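Numbering (the working numbering), first residue to last: 10 to 521.
Cβ coordinates follow ideal geometry from the N, Cα and C atoms, glycine included.
Just so it is clear, the structure is predicted and the values come from calculations on it, not from any experiment.
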């Protein structure tokens with residue numbers, strides 16, 4: 010940004026004062042005057058300083074042999090004032106006095122430039138002036154004036170003039186990037202008029218050896234059985250829910266033969282199913298059971314997570330389980346390893362946890378009104394469909410706390426469905442969380458349906474080349490909205506170029 014201004018002063022030496030013929034001007038003013046001319050090139054902030062750049066031209070200036078003229082810029086605001094280095098024009102005799110005083114004292118007066126009239130009747134010099142002073146807070150509202158003072162042989166200063174040459178200082182401000190926003194429509198998820206949901210859990214029922222009878226008073230069985238009851242009651246409390254079925258799956262630990270353990274797990278699953286039917290009101294609910302025999306997958310998991318077993322023993326146990334078939338002596342090898350010590354440890358500490366039962370409650374949930382959606386969301390959000398999350402999110406301002414709570418829950422419950430991921434991506438986009446928006450779409454880069462969203466999300470993320478790439482792909486795929494994206498991206502690229510130029514200027518002159 011070039012700033013030009015010119016102001017000129019006329020001096021009448023015989024009268025001992027300076028008459029000003031120029032009115033105050035701003036940074037771009039220029040007027041015709043005589044004797045002393047000041048052209049303002051720039052008055053700007055440079056990091057933690059203010060720099061004043063001027064052209065000062067003295068034409069026909071007369072200075073007494075024993076006198077001096079001082080020309081200097083002054084930054085002013087209210088009662089605050091900061092002088093910059095002066096340009097000094099000295100008469101012949103006075104210059105000699107100054108030189109001698111400086112030699113004797115060793116102190117040199119700080120000046121920007123010093124000239125001697127050397128007996129010339131009229132002094133003529135063009136000076137390119139550039140000086141800085143430290144930036145102070147009050148300078149934000151300051152102007153810059155040019156002062157002229159006369160100094161006599163006794164060292165006394167007499168003020169001649171003070172004229173504003175710049176009514177403001179150009180402060181460096183970090184440019185603000187335009188928000189590159191491309192329009193996208195929030196996709197409406199498919200509706201689930203009847204929603205099928207499940208509630209699953211595990212109960213660690215303890216049985217006596219080789220027995221399938223449910224004994225509530227044995228070990229912690231009462232609390233384990235209560236888990237199933239609590240799950241059933243929790244589901245029943247939700248508005249409009251109808252429980253359709255409860256499925257019990259039981260497992261056995263590996264000691265004994267495969268056939269025996271399979272039948273034992275089937276008996277235990279049937280026993281738990283019968284106990285539930287006899288102790289709870291499950292009219293109209295289908296109950297089923299299934300035994301899965303020895304739970305080797307569960308044993309692998311327990312071995313990996315066990316805090317006591319040494320890593321070497323874990324590795325050997327997992328190797329035996331992974332490389333030896335059940336019917337080829339897997340359990341026999343485990344019993345022989347480490348002289349049976351590792352097997353005995355697992356028998357006492359890990360096998361009881363394999364004698365477990367899992368339950369799955371299957372139920373249907375009706376489609377809710379918006380008032381009921383708000384209530385269900387507070388206590389049991391998994392009962393809602395993605396469409397109902399969509400309806401709920403639209404009740405709140407994008408980016409609000411309530412809006413974000415809705416999209417976080419929806420993403421947790423529907424993490425994999427494409428329609429869910431697109432919806433969650435747009436929700437995040439509307440909340441100005443572009444990183445989250447792009448994360449929801451990760452893995453869908455080759456899906457034509459999603460290209461228009463990639464275009465919008467990358468544009469908001471200041472990645473205009475990527476935004477253009479996906480917009481062009483969307484146009485080629487027949488998306489009618491993508492052409493509008495391309496037109497906006499072209500305009501945004503021009504805005505970005507302007508921003509980058511301003512940013513370079515700020516980085517050069519601005520404060521960190």
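Secondary structure at residue 423: coil, using DSSP grouped into helix, strand and coil. In the structure shown, residue 180 adopts coil according to DSSP, grouped into three states. Distance from the CA of residue 208 to the CA of residue 202, rounded to the nearest whole angstrom, comes to 19 Å. Boundaries of the alpha helix (DSSP H) around residue 231: 230–245.
The segment 353–372 and the segment 250–264 touch, with no fewer than 3 CB-CB distances between them shorter than 8 Å. Taking a cut-off of 8 Å for Cβ pairs, the segment 408–420 and the segment 432–449 touch, as three or more such pairs fall below it. In the DSSP assignment, residue 81 falls within the unbroken beta strand (DSSP E) covering 77–86. Residue 282 carries a helical assignment under DSSP once its states are collapsed to helix, strand and coil. Note that the C-beta distance between residue 142 and residue 84 is below 8 Å.
Secondary structure note for residue 123: its beta strand (DSSP E) is the uninterrupted segment 122–125.
Counting along the chain, residue 479 sits inside the alpha helix (DSSP H) bounded by residues 473–485. In this structure, DSSP gives residue 197 a state outside helix and strand, which the three-state scheme calls coil.
Comparing alpha-carbon positions, the option among 437, 415, 449, 385 lying closest to residue 427 turns out to be 449. In its chain, beyond the 5 residues on either side, 207, 208, 240, 241, 244, 252, 255 have a beta carbon closer than 7 Å to the beta carbon of residue 370. Between residue 346 and residue 364, the C-beta spacing is not below 8 Å. For residue 330, the enclosing alpha helix (DSSP H) covers residues 320–332. From the listed residues 125, 81, 88, 476, the smallest Cα separation to residue 74 is found for 125. Between residue 406 and residue 377, the C-beta spacing is not below 8 Å. The Cβ neighbour count for residue 76, taken over all protein chains shown within 10 Å, is at least 16; the residue is labelled buried. In the structure shown, residue 251 adopts extended strand secondary structure according to DSSP, grouped into three states.
With a contact defined as Cβ atoms closer than 8 Å, residue 466 and residue 443 qualify at about 6 Å. Straight through space, the alpha carbons of residue 87 and residue 408 are spaced by roughly 45 Å. Residue 122 is positioned such that its CB atom lies no closer than 8 Å to that of residue 153.
Comparing C-alpha distances from residue 163 to each of 379, 374, 103 shows the shortest one belongs to 103.
With contact defined as three or more Cβ pairs closer than 8 Å, the segment 282–294 and the segment 326–334 are not in contact. The continuous alpha helix (DSSP H) containing residue 358 extends over residues 350–358.
In this chain, residue 466 is not harboured by any beta strand (DSSP E); it is covered by the alpha helix (DSSP H) spanning 460–469. Of the residues assessed, residue 392 falls on the buried side of the cut-off, its CB having 16 or more other CB atoms within 10 angstroms.
DSSP places residue 171 in the strand class (E or B) of the three-state scheme. Here DSSP, grouped into helix, strand and coil, assigns residue 220 to coil.
Using a 10 angstroms sphere on the CB of residue 157, the tally of other CB atoms reaches 16 or more, which defines it as buried.
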